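Using the working numbering, read the sequence shown as starting at 1 and increasing by one per residue.
Structure first, commentary second.
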Amino acid sequence: MSAVKRAACDRCHGQKMRCIREPTKSSCHRCVAAGALCVFSMARKAGRPPTRHQGMKDTSGGWRLASSNRSEQQNQQQQRRRRQQQQKKHQHQHLRPYSDSLGGSRDLQENDGNLEGTDDAQPSFEAMLLDVVTDDSETLIPLFSNSLPTIPGLGIWDDGDTSRTYVEGASHPLPTDSNRQQVDFMTDQPVIRDSPLLVTECSQPGTGTKPIECELIVPPIAGSLIQQLCALSVKLASQIKSLSIDSDTANNPMPRLEQLAANVIESSVELHRVLSEARSMLEALDGLDPILSDTAMILQVLSAYIHLTQLHYALYQEMNFALMKLSDCSSHESSPSDIFVLFPMLHIGGVSLSSYYRFQLKFVLQICVHHLGETEALLGLPADLCVSGRMLQGEGILHQSTGEMSFLVRTIMCQAEKTVKGIRSVLAELSERTKGAIEV
């Protein structure tokens, strides 16, 4: 290390040591570790404020790395000094009336080169932007980290940082709190916090902004399930309400019975899917049951099940009524054209089943009853509150040995007791009319 470089490094660190520095960095590692501004500059020997990095040169394509040859660096310094002298003379001619009106201060005349006077003195911001965008170096970061463009000669420090305080006569500028960085002293590199639950907005030097840290709150496990169950309950309630209103066949091409059966199957499958997700969560938690301990979750599950049983009950009543009409038509030996079709859109393999009305009804009925039984098996309701009349011991997401849970379930399911008994009686009648056992 030359004497000039060592002297500059001593001013920066206050002791004799080798300045560990990379050519592409604007500050040495020890300066960053000390939280101070690096003043490693050839100009400090003359007592002037530090200029930009001497290992960089200005080209038409942006800032490029200069050669390590000492003679080339000296030539660049001489050319730069000549340009600065010419710029100062040119600005002094334009700003002389303004300086005379202020009293002809000598300090103002010496600092004329730091003012933005004309387009000839300093390059415009658009020209600097075009040069920097085409460059791959780190000059792009300080350009946009300030409200002012990074133009050489602007302010006391040429890196455009106006937030740092400067004391005249001090060995180096005093760092502010916003410029301190967290450094790993083993590697002399800044520490970057990379946590998936932490979002940090880093502040660039000179912006004056402080890092903003916010923790992402992970939603509870049952949060999405409650939303899905709530939406399903609202959907089922609207479908039940629409049953009391006579549907217009002109606006609805599907018959009432077929539309009702489609709604029952779709809602049953959706509720079964949500309950299956809840069951899989319970198995993955290894005994921990935040879903069962959440009263809102239990209420939503039972609310959806009660609405679903009401929709099933309405469908089975419609099927029983339609089957009674078909039986009356067949007993009076009516023509096939007089017998209405229950499910005109029901096809199996592209073959219509309109001629087999009893098979249609029994086929759709068995599908709906099967879905209802699968839902009850997932819930684990008491046997007297189930349509099937049986309960699998030790299973079901609502099955618990505690008395509080049983009391809560029984209290809520009392509202569905009448519906469950009605479904049992209707299914018994349908089983007799279809001449086959309907198993839940």
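By construction, the Cβ of each residue, glycine as well, lies at the ideal position given by its N, Cα and C atoms.
The structure presented is a predicted model; accordingly, all values stated were derived computationally and were not measured.
Give the DSSP-derived three-state secondary structure of Ser-352 in the structure shown.
Strand, per DSSP.
Measuring CB atoms only, is the segment 301-321 touching the segment 223-239, in the sense that at least three cross pairs come out at less than 8 Å?
Output reads yes: the segment 223-239 touches the segment 301-321.
Taking the Cβ atom as the reference point for each residue, do Ser-267 and Leu-308 lie within a distance shorter than 7 Å?
Yes; because the gap between Cβ atoms is below 7 Å, this pair is in contact.
Contact defined as beta carbons within less than 8 Å: I believe Gln-310 pairs with Ile-240. What is the distance between those atoms, to the nearest angstrom?
Contact holds; Cβ gap of about 5 Å.
Please list, in chain order, all residues of the same chain as Pro-276 whose beta carbon is under 8 Å from its beta carbon, the five residues on each side excluded.
Looking at the sequence shown, residue 276 is not Pro but Ser. Excluding its 5 nearest sequence neighbours in each direction, Ser-276 has C-beta neighbours in its own chain below 8 Å: Leu-378, listed in chain order.
Please report the distance separating the alpha-carbon of Val-426 from that of Asn-320.
It is roughly 7 Å from the alpha-carbon of Val-426 to the alpha-carbon of Asn-320.
Restricting to Cα atoms, I'd like to know which of Gly-396, Val-387, Arg-433, Ile-412 is closest to His-422.
Rather than His, the amino acid found at residue 422 in this sequence is Gly. Residue Val-387 is the option with its Cα nearest to Gly-422.
In the DSSP output, what is His-347 paired with across the bridge?
Paired residues: Ser-352.
When DSSP labels each residue in this structure, what does Cys-386 get in the three-state scheme?
Under the three-state reduction of DSSP output, Cys-386 falls in the coil class, being neither helix nor strand.
Roughly how many whole angstroms lie between the Cα atoms of Gly-396 and Glu-376?
Approximately 8 Å between the Cα atoms of the pair.
Three-state class that DSSP yields for Thr-434 in the structure shown:
Three-state DSSP puts Thr-434 in coil, outside helix and strand.
In whole angstroms, what separates the C-alpha of Ala-261 from that of Tyr-305?
Answer to the nearest angstrom: the Cα atoms are 17 Å apart.
Could you check whether Leu-315 and Val-264 sit closer than 7 Å to each other, using their CB atoms as the reference points?
Yes, they are a contact pair.
Go ahead and pull the three-state DSSP assignment for Ser-242.
Three-state DSSP puts Ser-242 in a helix.
Cys-368 by DSSP, collapsed to three states: which one?
If DSSP states are grouped into helix, strand and coil, Cys-368 belongs with the helices.
Would you tell me roughly how many angstroms separate the C-alpha atoms of Phe-407 and His-370, rounded to the nearest one?
Whole-angstrom Cα-Cα distance: 28 Å.
Simplified DSSP state of Ile-423, which is helix, strand or coil:
When secondary structure is reduced to three states using DSSP, Ile-423 falls in the helix class.
Compute the beta-carbon to beta-carbon distance between Leu-236 and Val-274, rounded to the nearest angstrom, for a pair I have assumed lies under 8 Å.
Val-274 and Leu-236 do not touch by the CB rule: their CB atoms are close to 12 Å apart, not below 8 Å.
Exposed or buried, Lys-362, counting other C-beta atoms within 10 Å across all chains shown (16 or more means buried)?
With a 10 Å radius around the Cβ and a threshold of 16 neighbouring Cβ atoms, Lys-362 comes out buried.
Hey, how far is the Cα of Gln-84 from the Cα of His-90?
Between the alpha carbons of Gln-84 and His-90 lies a gap of roughly 10 Å.
Can a CB atom of chain C be found closer than 7 Å to the CB of Ser-303?
In the displayed structure, chain C is absent; only one protein chain is listed.
Rounded to a whole number of angstroms, what is the C-alpha to C-alpha distance between Leu-398 and Arg-256?
Cα to Cα, Leu-398 sits roughly 34 Å from Arg-256.
So, at 8 Å on beta carbons, what are the nonlocal neighbours of Lys-435 in its own chain, with the 5 sequence-adjacent residues on each side left out?
Counting only Cβ-Cβ distances below 8 Å, and skipping sequence neighbours, we find nothing.
By alpha-carbon positions, which one of Leu-271, Gln-77, Leu-243, Gln-76 ends up nearest to Ser-233?
When only C-alpha atoms are compared, the closest one is Leu-271.
Classify Cys-368: buried if its beta carbon has 16 or more other beta carbons within 10 angstroms, exposed otherwise.
Of the residues assessed, Cys-368 falls on the buried side of the cut-off, its CB having 16 or more other CB atoms within 10 angstroms.
Quick check on DSSP: helix, strand or coil for Cys-28?
Coil at Cys-28, not helix or strand.
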